[in-house]
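A short write-up of the structure that comes next.
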Amino acid sequence: MTVKAVKVPQREIVLTIDRITQIGRQVHGVCPGFDAEAFARDVMSDLPRLELKERIARTSKALHAHLPVTGAEALNVLLRSLPPTPDRTVRNLLSDSLSCVDEAQ
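Residues 5 to 109 (our numbering) are what the sequence shown spells out, left to right.
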């Protein structure tokens, strides 16, 4: 008996409605002025028909539209909203990079 692998499109795994809602909650958790519900509505308006690249662009535009801060402050909010990772090295590198941005301003 041969088991046939079924290929699931990345868009069905990476940026789902549940993931968009989770992103909104995480960002709101570190930035109370961020309207997670409005963000999710904007992103999900026609999410099922979008390909992965379009979903990423839509999510990025909605984050930009709904974050009450810009520039380095927005980057800081997004970095702090990321879930903990087993390897904090990546996050530490990003934080160091952000510190360089702050010092340059």
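Ideal Cβ placement from N, Cα and C applies to all residues, glycine included.
(request) Kindly provide the ranges of any alpha helix (DSSP H) runs that are 4 or more residues long and lie completely inside the segment 31 to 77, ordered along the chain. (result) 40 to 48, 56 to 70
(request) Give the single residue among 19, 47, 63, 37 whose Cα lies nearest to the Cα of residue 81. (result) 37
(request) Just the C-alpha distance for residue 22 and residue 49, rounded to the nearest angstrom, thanks. (result) 14 Å
(request) Tell me whether residue 7 sits in a helix, a strand or coil according to DSSP, three-state version. (result) coil
(request) Starting from the C-beta of residue 44, find all residues in its chain whose C-beta is less than 7 Å away, skip the five residues before and the five after it, and write them out in chain order. (result) 24, 25, 28
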